[in-house]
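Asker: Here you go, one structure.
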Amino acid sequence: MTRRPHHVVVLVLDGALPLDVGIPAEVFHPETGFPYEVAICGVDAGTVPAHGGFGYAVPRGLEALAGADTIIVAGYAPAGRDVPAKVHEALRSAASRGARIASICYGAFALADAGLLDGLRATTHWDAAEQLAERYPQITVEPNVLFVDEGSILTSAGAAAGIDLCLHIVRRDLGLSAANAIARGLVTAPYRSGGQAQYLPTNSSVPHGDTLAATREWIMTRLDQQLTIDGIAVHAQMSPRTFMRRFAEETGTTPLQWILRARVDAARELLESTRLSVDQIAEQVGLGSGSNLRLHFRRIVDVSPSEYRATFSGGAVGMWPEAPVTLTGHT
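Numbering (the working numbering), first residue to last: -18 to 312.
Here it is as structure tokens:
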């Protein structure tokens, strides 16, 4: 039996940032073939002035939030600008009935104003993180990450980090294969961990960029093999010390932690798409034994491999569960 689509509503406030509105509209569009429907709303129906000198025609006002399963507050400029009190009331009401609420970029300020981030970790664009922390000391602001998942409340950094947040939501809901399929349609990387560093201004002479992309692709084709820092550094044509420093600058994590997460993601795909045993999967992804896979899988994804397979294998993708499944691991 086909389940009803999961209803996503993007809240567009005055000064909305175009990319922040467009990202969830694309990721959750029904044409992806996955069970989402997406709509936009404003404080009131009409035209919402956007950042950049144009506007959005929104067909509905805040009443649209009452029927949303997921609400995404798009970023708006300038950071921290006042929003109407009825926005805070509508967000609190949605949270109290169990809706999932997320923000992109400066949209975190609207969640903070509503009190939804009190006692939680959160992030926003790096250039407003200090402002968010100073204004709301009850929030633990994480300035150097792409997104933060606190279960029913999620926040992301600026601009393109909204893609990472939305794809993370799809992974939670429908599994890795669905998120990868949507990422391919968007021609974007299917996965950057929430802990990956935002770009930050630096006085370092080492240039930021993606100079190790080819090496990461090389690693991905060899997950079943023994990988060492020295061997990977040879491929990158760097000394091991330079390689480790550069890798951390580009990904926000160590090479070994990145490889571990890549292996767990590969295991997720095999759990979704095959009937291989956990031991067989562990061998294919380079984790050696089923017990080793179970240990790292539960630590990263927060469920066991068997629980993950039961949720996402076979007919799970493309069919909405009776209630959205929440995997709260830091993926």
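Where is the CB? At the ideal position from N, CA and C, for every residue including glycine.
Taking C-alpha atoms, which residue in R73, R197 and G(-4) lies nearest to G33?
Answerer: The residue with the shortest Cα to Cα distance from G33 is G(-4).
Asker: Report yes or no: do three or more beta-carbon pairs, one from the stretch 71 to 80 and one from the stretch 91 to 99, lie closer than 8 Å?
Answerer: Flag = yes, the stretch 71 to 80 and the stretch 91 to 99 touch.
Asker: I need the boundaries of the alpha helix (DSSP H) containing T13, first residue and last residue.
Answerer: From DSSP, T13 is part of no alpha helix (DSSP H); its letter is neither H nor E.
Asker: Count the other CB atoms within 10 Å of the CB of F128; is the residue buried (16 or more) or exposed (fewer)?
Answerer: It counts as buried.
Asker: Taking the alpha helix (DSSP H) that S74 falls in, what are its first and last residues?
Answerer: Start and end: A66 to S77.
Asker: In terms of alpha-carbon separation, which member of L43, G36 and P11 lies closest to V24?
Answerer: Nearest C-alpha to V24: L43.
Asker: Looking at A55: is its Cβ nearer than 8 Å to the Cβ of T105?
Answerer: Against a cut-off of 8 Å, the Cβ pair of T105 and A55 comes out as no contact.
Asker: Is the stretch 208 to 217 touching the stretch 250 to 260, taking contact as three or more C-beta pairs under 8 Å?
Answerer: Contact fails: fewer than three Cβ-Cβ distances are below 8 Å.
Asker: Starting from the Cα of K67, find the closest Cα among G61, T51 and L46 and give me that residue.
Answerer: Ranking the options by Cα distance to K67, first place goes to L46.
Asker: Note down the Cα distance separating P286 from F278, rounded to an integer number of angstroms.
Answerer: Each residue's alpha carbon lies about 7 Å from the other.
Asker: Just to confirm, does A6 get its C-beta within under 7 Å of one of the non-hydrogen atoms of the ligand MN?
Answerer: For the structure depicted, the ligand MN is absent and the ligand set is empty, with no information on it obtainable.
Asker: Taking the alpha carbon of Y17 as the point to measure from, which residue in T51, G27, H(-12) and V2 has its own alpha carbon closest?
Answerer: Nearest of T51, G27, H(-12) and V2 to Y17, Cα basis: H(-12).
Asker: Give the DSSP-derived three-state secondary structure of H(-12) in the structure shown.
Answerer: Three-state DSSP puts H(-12) in a strand.
Asker: Can you check which of these residues, T136, L113, D205 and R165, is closest to S270 by C-alpha distance?
Answerer: It is D205.
Asker: Tell me which same chain residues have a C-beta within less than 6 Å of the C-beta of T121, skipping the five on either side of it?
Answerer: Around T121: R102.
Asker: Just to confirm my understanding: we take P302, look at its own chain, exclude 5 residues before and 5 after, and list those with CB closer than 6 Å. What are they?
Answerer: Unreliable placement is indicated for P302, whose pLDDT of 36 sits below 50; the coordinate value is still reported in the next sentence. Around P302: no qualifying Cβ.
Asker: Near S158, which residues of its chain fall below 7 Å by C-beta distance, leaving aside the five closest residues on each side in sequence?
Answerer: Cβ within range, chain order: E250, E253, S254 and V298.
Asker: Are the CB atoms of L92 and T136 within a distance shorter than 8 Å?
Answerer: Yes, they are a contact pair.
Asker: Could you give the C-beta distance for I163 and F15, rounded to a whole number, given that I count them as a contact under 8 Å?
Answerer: Yes, I163 and F15 are in contact; Cβ-Cβ is about 7 Å, under 8 Å.
Asker: Measure the C-alpha to C-alpha separation of E231 and W107 and round it to an integer number of angstroms.
Answerer: Taking the straight line from one Cα to the other gives about 16 Å.
Asker: Confirm, please, whether the CB-CB distance from A38 to T28 is below 8 Å.
Answerer: Against a cut-off of 8 Å, the Cβ pair of A38 and T28 comes out as a contact.
Asker: With 16 as the cutoff for other CB atoms within 10 Å, does D130 come out buried or exposed?
Answerer: By the neighbour-count rule (16 or more Cβ atoms within 10 Å), D130 is buried.
Asker: I'd like to check one pair, V(-9) with V2: are the Cβ atoms closer than 8 Å?
Answerer: Yes, they are a contact pair.
Asker: Measure the beta-carbon distance from R41 to A26 and round it to whole angstroms, keeping in mind my assumption that it falls under 8 Å.
Answerer: The Cβ separation is near 5 Å, so the contact holds.
Asker: So, using beta-carbon positions, are V259 and R275 closer together than 8 Å?
Answerer: Going by C-beta atoms, V259 is nearer than 8 Å to R275.
Asker: Flag this pair as yes or no: are the beta carbons of I144 and T169 separated by less than 8 Å?
Answerer: Yes, these two residues count as a Cβ contact at 8 Å.
Asker: If distances are taken between C-alpha atoms only, which option among A60, I134, D154 and E12 comes closest to E111?
Answerer: Taking only the C-alpha atoms, the option nearest E111 is A60.
Asker: According to DSSP, simplified to helix, strand and coil, what is P40?
Answerer: If DSSP states are grouped into helix, strand and coil, P40 belongs with coil.
Asker: Between A0 and the rest of its own chain, which residues show a CB-CB distance below 6 Å, the 5 nearest in sequence each way excluded?
Answerer: Note on identity: in this sequence residue 0 is Leu, with Ala being the wrong assignment. Around L0: A140.
Asker: Helix, strand or coil for E322, going by three-state DSSP, please let me know.
Answerer: Nothing about residue 322 can be reported from this structure: the residues present for the chain run from -18 to 312 only.
Asker: Output the boundary residues of the alpha helix (DSSP H) element that contains S158.
Answerer: Looking at the DSSP string, the run of the alpha helix (DSSP H) that includes S158 is L157 to L167.
Asker: For I200 versus I240, is the C-beta distance shorter than 8 Å?
Answerer: Yes, Cβ-Cβ distance for I200 and I240 is below 8 Å.
Asker: In terms of residue numbering, what span does the beta strand (DSSP E) encompassing Y289 cover?
Answerer: Careful: Y289 lies outside any beta strand (DSSP E), inside the alpha helix (DSSP H) at P286 to F293.
Asker: Pick from C147, A83 and L113: whose alpha carbon is nearest that of I134?
Answerer: Checking every option, the nearest Cα to that of I134 belongs to A83.
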